[in-house]
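A short worksheet on the structure shown next.
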Amino acid sequence: MTLDFARRVEVPLRLNGRDLTTVVAPRSTLLDWLRDDIGLTGAKKGCNEGACGTCTVLVDGRRMNGCLTLVVQCAGRSVTTVEGLAAMRGAGPGGTGGGSPPCTEKVGGELHPVQRAFAEHDAFQCGYCTPGQLMSAVACIAEGHATDDASVREWMSGNICRCSAYPQITEAVLAAAREPAADDRAGR
Amino acid sequence: VRDFAYARAGTAEAAAGALADPRTSVIAGGTELLNWFRLGIAAPDRVVDIGGLDELRRIDRDGDELRIGALATLNEIGEHPLVTQAAGALASACLQAASAQIRNRATIGGNVLQRTRCPYFRAEEPLPWPCSKRDPGSGCTSLAGRHERQAIFGWTQECVAVQPSDPAVALAMLDAQADVLGPAGPRTIPMREFHLTQREAADVGQPMRETRLEPGELITGYRLPVSADGQAYVKVRERASYEYAIVSAAAAVRLDGARAGGARGQRIATARVALGSVAQRPWRLTAAEAGLPGAPLTREALIPVIERAMADAVPLPQNGFKVLMARNAAVRALLTAGGAR
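Residue numbers (the working numbering), protein chains in the order written: chain A, -13 to 174; chain B, 181 to 521.
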């Protein structure tokens, strides 16, 4: 059997609750595509090698580094970025709350409980790592790993904060985890 | 990153067929491959994606054998009840590797094929210094430069790098077999022989070869004997999480007799132990495994046995500390596996 190798690939996927089809060069990373092609700049390009975690997004509800993921590997999958997080409020598994906001527009409205907890606990200084911290925290809670200080520190270790706001980030994740149904919102 | 053509494989056989063309790379999770592309360590014309082959992602038990598909992710393996019960050292090694988000992508097939973290090797091309792994025969800059983190066993003047995989150490300790598929059909490679030291590679006339995998071959999964032995994986590193090992040790221990009064002081029936990040392959301490049965499970009894088994270590000028650190990691792994700490 011979495989059909292509230099442009059509990729159907769901982005922040909206179904779309994009055509990419196979080398396009999810991070570059989000930032440069779609205009969603929430996921940041820190190290571009999987060391800092500031590009963390959810793919089918699981946190992943956007810089270590090709767009072609996301075919048929559901991608959630920090821009789609507010819309995930009250969403069950696989959904984004029933609405289908345009994926490149601000959703507005109420913050996701994890976003609110970060604001309430002052869990940032410069804010550069925050989009990745938020997405990682949402997944960390959904996985059931936000049980105590040590577990949060271990399971959030893939997100580096050079301002070193770790005590506040840890508190915010634990506070958000204590909210009822917080673990229902991973957007799988 | 250089442009490449892309195809999804519908079967493992189709992927292996595409790999017959040496300008082709296989992608599973991609966490290592994408960085190779960026640095110029690999620059294929074609990439074949095996990520959709769900049949290679299964974790199940077949009688006395635990079977783990090559596409199972490190998080899936690390938290799977079958693995935590029957291969605890492997589960622990998987969860101590990388970060939570990398472990959601990284597969156990790709993980053992990751290459050294030697900073002289992992630089962007064009390389400003010699590196025999990047430019065969050019020499080893680390040997003349900094080499605190490099090998204490099996290195040559050509290269002093270590293999950094955590799961590979546990797989070698647990006597896992890798199932591979290639142009000549399927075959099996024992994981304790899968990687080659620089010395072993030189002895077969291929000084830069790193594994027994042949060109065009693909790992499809692993088979491990189910073990009731107590197990542990100890990883020593510069920060508590999300860091490569300076040294590591995987161990499995079965004790003799009843457990009255705890494991401390009980005698060892059988023990297996392997070191990580001390050579270009996981380093089974075979001599220690032969000497440990009958010994009490105490630090004092273990130290001389481990030291004798490591007597052939040849540290470099800057990494003599790794001999002691590895000895202590092995002792700690054995004590933990046996329940004595």
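Backbone N, C-alpha and C fix where the C-beta goes; we use that ideal spot for every residue, glycine too.
- For L54 (chain A), the closest Cβ of chain B is nearer than 8 Å.
- No Cβ of chain A is located within less than 8 Å of the beta carbon of V414 (chain B).
- A136 (chain A) and E394 (chain B) have their alpha carbons spaced roughly 43 Å apart.
- Rounded to the nearest whole angstrom, the CA to CA distance from Q111 (chain A) to P117 (chain A) is 13 Å.
- Relative to the Cα of A123 (chain A), the nearest Cα in the group A:M142, A:G70, A:D23 and A:C41 belongs to A:M142.
- By the Cβ criterion, the segment 464 to 471 of chain B is in contact with the segment 481 to 497 of chain B, since at least three pairs of Cβ atoms, one from each stretch, lie closer than 8 Å.
- Check the Cα spacing between R434 (chain B) and each of B:R297, B:R417 and B:L514: the tightest is with B:L514.
- Nearest C-alpha to R302 (chain B) among B:F333, B:F217, B:Q446 and B:V427: B:F217.
- The DSSP assignment places complete alpha helix (DSSP H) segments of no fewer than 4 residues inside the segment 328 to 388 of chain B at 346 to 353 and 378 to 383, in order along the chain.
- Non-local beta-carbon contacts of A429 (chain B) in its own chain, meaning distances under 6 Å to residues more than five positions away in sequence, involve V414, L455, A509, A510 and A513 in chain order.
- Within chain B, the C-beta atoms nearer than 8 Å to that of A11 (chain A) come from D183, in chain order.
- Contact residues of the segment -1 to 26 of chain A toward chain B are A11, P12, R13 and T15 (C-beta to C-beta distance below 8 Å).
- L398 (chain B): member of the beta strand (DSSP E) spanning L398 to P405, first to last residue.
- Counting only runs of 3 or more residues that sit fully inside the segment 404 to 488 of chain B, the beta strand (DSSP E) segments are 410 to 416, 427 to 435 and 448 to 456, in chain order.
- Nearest in C-alpha terms to P484 (chain B), of all of B:R507, B:A223, B:R238 and B:A350, is B:R507.
- A straight-line Cα-Cα distance of about 12 Å links T253 (chain B) and A278 (chain B).
- Non-local beta-carbon contacts of S205 (chain B) in its own chain, meaning distances under 7 Å to residues more than five positions away in sequence, involve L213, A222, P224 and V227 in chain order.
- Residue B:E328 holds the alpha-carbon nearest to the alpha-carbon of F501 (chain B) among B:E328, B:R247, B:C339 and B:T400.
- A Cβ-Cβ contact shorter than 8 Å links T55 (chain A) with T15 (chain A).
- DSSP lists no beta-bridge partner residue for R203 (chain B).
- Any Cβ of chain B closer than 8 Å to the Cβ of Q59 (chain A) would place that residue at the interface, and such an atom is present.
- Within a 10 Å sphere around the beta-carbon of Q386 (chain B) sit fewer than 16 other beta-carbons, which makes this residue exposed.
- CA-CA distance, R389 (chain B) to A493 (chain B), rounds to 22 Å.
- The segment 284 to 299 of chain B makes contact with the segment 42 to 57 of chain A; the number of CB pairs closer than 8 Å reaches 3 or more.
- Shown here, E245 (chain B) sits in a strand according to DSSP, grouped into three states.
- Exclusion of the five residues before and after P497 (chain B) leaves H327 as the residues of its chain whose Cβ lies within less than 8 Å of its Cβ.
- Against chain A, the CB of V228 (chain B) has a partner CB under 8 Å away; the residue lies at that interface.
- The beta carbons of A200 (chain B) and A273 (chain B) sit about 33 Å from each other, so the pair does not count as a contact at 8 Å.
- Take the alpha-carbon of Q265 (chain B) and the one of P462 (chain B): they are about 23 Å apart.
- Contacts between A198 (chain B) and chain A, judged by CB atoms closer than 7 Å, involve L(-11) in chain order.
- For C60 (chain A), the three-state secondary structure derived from DSSP is helix.
- Listed in chain order, the positions of the segment 113 to 127 of chain A with a beta carbon within less than 9 Å of a beta carbon of chain B are G118, M121, S122, A125 and C126.
- Of B:G410, B:S318 and B:L376, the smallest CA-CA separation from R521 (chain B) is found for B:G410.
- Restricting attention to A:A109, A:C60, A:L26 and A:V58, the CA atom closest to the CA of C149 (chain A) is found in A:A109.
- The C-beta of R452 (chain B) comes no closer than 8 Å to any C-beta of chain A.
- For the segment 247 to 265 of chain B, no residue has a beta-carbon sitting nearer than 7 Å to a beta-carbon of chain A.
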